[in-house]
Amino acid sequence: MFLSYFPVIGASRLFLSSLVNYRNFGTKRVVQKRKYMLKILHPEEKWTEKANHDGLFDKKDCLPKSLLKSSLIRRLLNSNTIEASDLVSKIAWDSYKSDVRGVRWHPSGSWCVRFIRRNHEHNFFVNCSCYFRVEQHGFFEAKRLAIAYRKRLEQEYSELEETWEKIDRKKYLEKEERKKLKQAQSIEERFIASSTVPEEI
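Dropping the structure here:
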């Protein structure tokens, strides 16, 4: 009777070990990479501008696609009536354009600011989304605040990059100084070892 429990215990242990193996299924393990593994040249972001040639229009001159995500504007543009065409002609569509990167009109009735930066070497990641509501600030004031906030984020990030460069330069100089000091100590030790004469017995 007592010996009959052993297969059950062994099976339960096997089941628990299989649970441990399959516990992390569907999850992603985050591994922090070391700084020496990430010392590579990262390609800098480039803003490509489409010129008006070959029948294509300028990218900066087109209206944002987010305008069509608003049901009111979409119905206004799709309805083929005289009243709708009169209303469309009275709207200042150019005010919805933004020539600043990362600032666009959002269908919720606000100006959206997006700022994404990744620096793996210094383990610094920024993913900022900020909305300036027209209901609270007004249309043109919200646009002005969004552009100013985007430029402020760019300025702060550029200052942070300069600080990183100074810190890296300081660490490099300290490393070179320690290396020279170590070499000088090794040369001195070899000179002392070679200058010592063994005593005659």
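For what it's worth, full-length UniProt numbering labels the leading residue of the sequence shown as 1, then goes sequentially.
No residue lacks a Cβ here, since even glycine has one placed at the ideal position from N, Cα and C.
Every value quoted in this text rests on a predicted model; they were computed, and no experiment measured them.
Just to confirm the assignment, what range does the alpha helix (DSSP H) spanning Asn78 have?
Asn78 -> alpha helix (DSSP H) spans 71-78.
Please report the residue range of the beta strand (DSSP E) in which His106 lies.
Where His106 is concerned, the enclosing beta strand (DSSP E) stretches over 103-106.
In chain order, what residues of the same chain have a beta carbon less than 6 Å from the beta carbon of Leu68, not counting five sequence neighbours either side?
So the list reads Arg74, once near-sequence residues are dropped.
Sort out for me which residues DSSP pairs Phe132 with in a bridge.
According to DSSP, Phe132 bridges with Trp111.
Could you say which of Asn127, Tyr131, Asn123, Ser89 lies nearest to Pro107 if we only look at CA atoms?
Out of Asn127, Tyr131, Asn123, Ser89, Tyr131 has the C-alpha closest to the C-alpha of Pro107.
Would you decide whether Val113 is buried or exposed? Buried here means 16 or more other CB atoms lie within 10 Å of its CB.
Under this definition Val113 is a buried residue.
Looking at Ser66: is its Cβ nearer than 8 Å to the Cβ of Arg104?
Yes, these two residues count as a Cβ contact at 8 Å.
Does DSSP classify Val88 as helix, strand or coil?
It is helical.
In this structure, what does DSSP give as the bridge partners for Val126?
For Val126, which the question treats as bridged, DSSP gives the partners Arg117.
Could you check which residue in Tyr96, Ile187, Ile82 has the C-alpha nearest to that of Ile147?
Of the candidates Tyr96, Ile187, Ile82, the one whose C-alpha sits nearest the C-alpha of Ile147 is Tyr96.
Using only the alpha-carbon positions, how far apart do Val134 and Glu141 sit?
Roughly 8 Å separates the two Cα atoms.
Alpha helix (DSSP H) containing Lys143: first to last residue?
Run containing Lys143: 139-195, per the alpha helix (DSSP H) assignment.
Can you give the Cα-Cα distance for Tyr149 and Ile187, rounded to whole angstroms?
For Tyr149 and Ile187, the distance between alpha carbons rounds to 57 Å.
Which term fits Phe124, buried or exposed, when burial requires 16 or more other beta carbons within 10 angstroms of its beta carbon?
By the neighbour-count rule (16 or more Cβ atoms within 10 Å), Phe124 is not buried but exposed.
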